[in-house]
Structures are given as structure tokens and as C-alpha cells.
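**Q** Structure in C-alpha cells, see below.
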Amino acid sequence: MIIQRREKIASVELDAIMPGYEAEETIKRIKSHKGVQAVLIVNQEGVPIYSSTSDEEFAMDHAALISQLAAKAKSTIRTLDPTNDMTFLRIRSKKHEIMIAPDKEYALIVIQNPNPGAELETPDNN
């Protein structure tokens, strides 16, 4: 499957995504957890509309691929039981742990180091 590269990360006010919430404070709280490397908010097309990392290529690549994975997982769950739906997806590898919280229009993606004591290369520290 070919993934088209997006030119820029879309700019959206967090309050438009999470009305009534303290969006900035919520993201700051998530980022403050030990080992968190990136927080992304993506739209239904997998386009990052918010990224905590300054590396746009990292954000775009991860947003697109992780969104595809989440869509496949959601489809699989619905195929197995049409009355069920995915509410959270957590994947752990040797180097990363990826957590996805989908919603109707957006998904929150958190990428973290599962072993926060060990130093890993991240977009902002390599």
C-alpha cells in the first residue's frame, strides 16, 4: 500500500477538537509521563492535526501508518462482532509502546518508551 506524504501538518486549535476540556493541560499532563516521546492527534484520514514533536516527517509518517493499523483493528473487531467497537488499542514492541484512543472524528496517539530508564532515539533527542 502506498502512503501519500502530506505537505504540512494541519493547524487546528485544540479547543476545536476537545471543546469544553482543558486540551492544552490534558496534553501537557500526558507528555509529562516518563517515557512519552510523542503525542499526536489525527483526523479520520490519518493527517496529524496536532503533534508534540517538532519533527514533521516523524509525525506524518507515524500518524498515517498508525491510523491505518487502527482502522484495520477496528474493522476486524466489527467483523467478529458487528455490535462491538474498538475503544482503545495498545501495542508494545521492544522499542515503543503505542496507545491509540479513537473517537468519531479524531484519534489520540501516544508513543512512548516502554522502558523509560533506557535511552531511545526520538525525533527531538537524536
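For the sequence shown, UniProt numbering begins at 1 and goes up steadily by one.
Backbone N, C-alpha and C define an ideal beta-carbon position, used for all residues, glycine too.
Because the structure is a prediction, the values reported are computed rather than measured.
#1: With G46 and S67 assumed to form a contact (beta carbons below 8 Å), what rounded beta-carbon distance in angstroms separates them?
#2: Could you check the C-alpha separation between R92 and K28 for me, to the nearest Å?
#3: On the three-state DSSP scale, how would you describe S54?
#4: Taking CB distances under 8 Å as the criterion, tell me whether P114 reaches chain C.
#5: Report the residue ranges of all alpha helix (DSSP H) runs contained in full by the UniProt domain "Roadblock/LAMTOR2" (23 to 112); include only those spanning at least 4 residues, in chain order.
#6: For H62, is the classification buried or exposed, using 16 other Cβ atoms within 10 angstroms of its Cβ as the cut-off for buried?
#7: Who are the Cβ neighbours of M86 in its own chain at under 7 Å, not counting the five residues just before and after it?
#8: Leaving out five residues before and five after H33 in sequence, what residues of the same chain have Cβ atoms less than 8 Å from its Cβ?
**A** Concretely, from the data shown:
#1: Position 46 of the sequence shown, counting from 1, holds the residue named residue 46. Position 67 of the sequence shown, counting from 1, holds the residue named residue 67. Right, their Cβ atoms sit about 3 Å apart.
#2: To locate residue 92, count along the sequence shown from 1; it is residue 92. To locate residue 28, count along the sequence shown from 1; it is residue 28. The alpha-carbon of R92 is positioned some 23 Å away from that of K28.
#3: For the purposes of this step, residue 54 is taken as the residue at position 54 of the sequence shown. Three-state DSSP puts S54 in coil, outside helix and strand.
#4: The structure shown contains no chain C; it is built from a single protein chain.
#5: Complete alpha helix (DSSP H) runs here, min 4: 23 to 31 and 56 to 80.
#6: As a first step, residue 62 must be located in the sequence shown, where it is residue number 62. The residue is buried, with at least 16 neighbouring Cβ atoms inside 10 Å.
#7: Locating residue 86 in the sequence shown gives position 86, counting from the first residue. Counting only Cβ-Cβ distances below 7 Å, and skipping sequence neighbours, we find A73, K74, I77 and P102.
#8: Here residue 33 refers to the residue found at position 33 when the sequence shown is read from its first residue. Here the set comprises Q112.
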